[in-house]
Ligand SMILES: C[S@@+](CC[C@H](N)C(=O)[O-])C[C@H]1O[C@@H](n2cnc3c(N)ncnc32)[C@H](O)[C@@H]1O
């Protein structure tokens with residue numbers, strides 16, 4: 087390996103593949119280089135933006151030879167906006183590369199052996215997104231609304247955002263003039279319901295704050311812009327079906343339950359379901375959703391999971407975990423290893439955290455199935471659903 091390169095140095099790199107998260111990967115004198123917005127096969131001249139001991143990050147200065155599957159980004163803001171990072175790749179190729187990246191991450195970091203074909207679930211590549219976060223800046227001629235620029239705090243005002251469902255896009259584009267001069271928040275979270283109504287957080291006078299709702303399978307879920315809800319309009323039913331599956335039994339636990347997206351259908355298949363959710367607002371909606379959908383065999387516990395996981399008994403039939411990007415905490419992993427639920431479903435939005443946790447879980451659990459859900463087209467994010475069963479020899 088050559089001497090460490092300084093930030094600002096320019097080098098040529100051939101991009102070998104995409105890694106989980108969406109960056110391209112290549113090597114310079116043996117040293118790994120991660121290059122945003124690149125494509126496998128690209129030969130690029132890049133500028134080093136960050137130099138660590140064992141890898142570099144770099145930005146493209148010039149594409150010397152384009153890789154196959156590049157396209158003109160459909161969004162006019164793509165060059166500056168930090169909202170998406172894969173618009174320069176054909177839609178089908180994005181999915182193919184995410185499957186390869188998930189496989190590599192789980193096999194290399196997780197030490198798992200995956201089946202030859204992963205189950206892949208993809209939907210509309212544009213016009214799918216139900217929730218987003220916009221930035222707001224007061225300017226002389228009114229409010230600019232948009233997203234942060236890639237890798238910086240600078241606001242990129244937008245005139246379109248084609249990943250959003252059309253109702254949410256129209257709302258965002260009309261937002262600037264609706265915001266009160268001098269009192270507009272710098273950041274707004276938004277979510278849209280089945281009827282096109284949009285809810286915002288924090289409170290802004292004159293804009294919708296109430297709940298919205300979405301029908302998924304046989305249930306209607308209420309929520310608002312303060313809480314988590316899955317983001318791809320076209321994949322909600324498939325996701326719930328894949329997570330909940332056909333199994334049934336006596337007792338199931340839904341950990342990191344949100345507003346109850348998986349808890350309610352689990353309660354149709356298990357005699358008793360316990361859901362744990364840390365966020366007060368989401369837990370309140372989970373209770374409302376259970377009541378309005380007449381689900382009576384579901385108990386919702388609010389609190390940080392680390393302090394509540396001790397309540398889970400040994401040998402329950404089913405546990406579903408859907409943690410934030412950081413993955414499972416040692417306390418939750420420890421409980422799953424000690425109490426050995428018969429079947430464990432792990433829903434993950436971060437492949438590396440999933441891989442790390444699977445490495446810990448594997449001696450006790452056997453991998454049954456892995457599915458990739460392309461819930462965030464045009465970005466490097468992906469969702470994985472992993473079904474595990476307690477290994478008979480480990481019990
Ligand atoms: C990825 S979301 C999943 C929600 C739900 N399963 C769904 O699909 O709609 C993760 C949820 O975990 C909750 N959460 C995060 N950290 C937590 C913790 N330490 N204890 C309990 N809940 C937590 C968040 O509030 C969020 O609702």
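In the working numbering, the protein residues as written are 87 to 481.
Positions of the beta carbon are idealized from the N, C-alpha and C atoms, including for glycine.
This one's a predicted model, so the numbers in the text were calculated from it and none came from an experiment.
Given a cut-off of 9 Å on the beta-carbon distance, is the pair residue i and residue j in contact?
i: residue 353; j: residue 338; result: yes
i: residue 369; j: residue 396; result: no
i: residue 99; j: residue 113; result: yes
i: residue 258; j: residue 312; result: no
i: residue 156; j: residue 175; result: yes
i: residue 245; j: residue 162; result: yes
i: residue 271; j: residue 290; result: yes
i: residue 310; j: residue 296; result: yes
i: residue 451; j: residue 476; result: yes
i: residue 276; j: residue 341; result: no
i: residue 160; j: residue 248; result: yes
i: residue 215; j: residue 241; result: no
i: residue 118; j: residue 142; result: yes
i: residue 478; j: residue 403; result: no
i: residue 196; j: residue 444; result: yes
i: residue 120; j: residue 464; result: no
i: residue 322; j: residue 355; result: no
i: residue 437; j: residue 398; result: no
i: residue 252; j: residue 274; result: no
i: residue 411; j: residue 362; result: no
i: residue 466; j: residue 91; result: no
i: residue 137; j: residue 97; result: no
DSSP puts residue i in a beta bridge; with which residues?
i: residue 287; result: 275
i: residue 243; result: 232
i: residue 531; result: With the chain covering 87 to 481 only, the question about residue 531 has no answer from this structure.
i: residue 224; result: 229
i: residue 343; result: None, per the DSSP bridge assignment.
i: residue 338; result: 359, 404
i: residue 147; result: Paired residue(s): none; residue 147 is not in a bridge.
i: residue 121; result: 110, 144
i: residue 103; result: 111
i: residue 469; result: 459
What's the C-alpha gap between residue i and residue j?
i: residue 424; j: residue 449; result: 12 Å
i: residue 481; j: residue 416; result: Bear in mind that the predicted position of residue 481 carries a pLDDT of just 49, short of 50, making it unreliable; the figure below should be weighed with that in mind. Near 20 Å, if we compare the C-alpha coordinates of residue 416 and residue 481.
i: residue 135; j: residue 146; result: 10 Å
i: residue 418; j: residue 204; result: 27 Å
i: residue 266; j: residue 284; result: 18 Å
i: residue 440; j: residue 268; result: 43 Å
i: residue 327; j: residue 377; result: 21 Å
i: residue 364; j: residue 406; result: 15 Å
i: residue 152; j: residue 180; result: 16 Å
i: residue 139; j: residue 187; result: 23 Å
i: residue 430; j: residue 104; result: 29 Å
i: residue 303; j: residue 319; result: 13 Å
i: residue 166; j: residue 243; result: 10 Å
i: residue 359; j: residue 385; result: 6 Å
i: residue 201; j: residue 229; result: 51 Å
i: residue 93; j: residue 422; result: 44 Å
i: residue 317; j: residue 379; result: 22 Å
i: residue 185; j: residue 227; result: 45 Å
Tell me, to the nearest whole angstrom, how far the beta carbon of residue i is from that of residue j; I am working on the premise that it is less than 8 Å.
i: residue 198; j: residue 453; result: 6 Å
i: residue 315; j: residue 292; result: 24 Å between Cβ atoms; not a contact.
i: residue 110; j: residue 124; result: 3 Å
i: residue 383; j: residue 346; result: That belief does not hold up - the Cβ atoms of residue 383 and residue 346 are roughly 13 Å apart, past 8 Å.
i: residue 471; j: residue 329; result: 6 Å
i: residue 168; j: residue 236; result: 4 Å
i: residue 325; j: residue 459; result: 6 Å
Which two residues bound the contiguous beta strand (DSSP E) that contains residue i?
i: residue 326; result: Not the beta strand (DSSP E): residue 326 falls in the alpha helix (DSSP H), residues 322-330.
i: residue 306; result: 305-309
i: residue 205; result: 205-207
i: residue 457; result: 451-459
i: residue 129; result: 129-137
Could you spell out the range, first to last residue, of the alpha helix (DSSP H) harbouring residue i?
i: residue 252; result: 252-259
i: residue 367; result: 366-378
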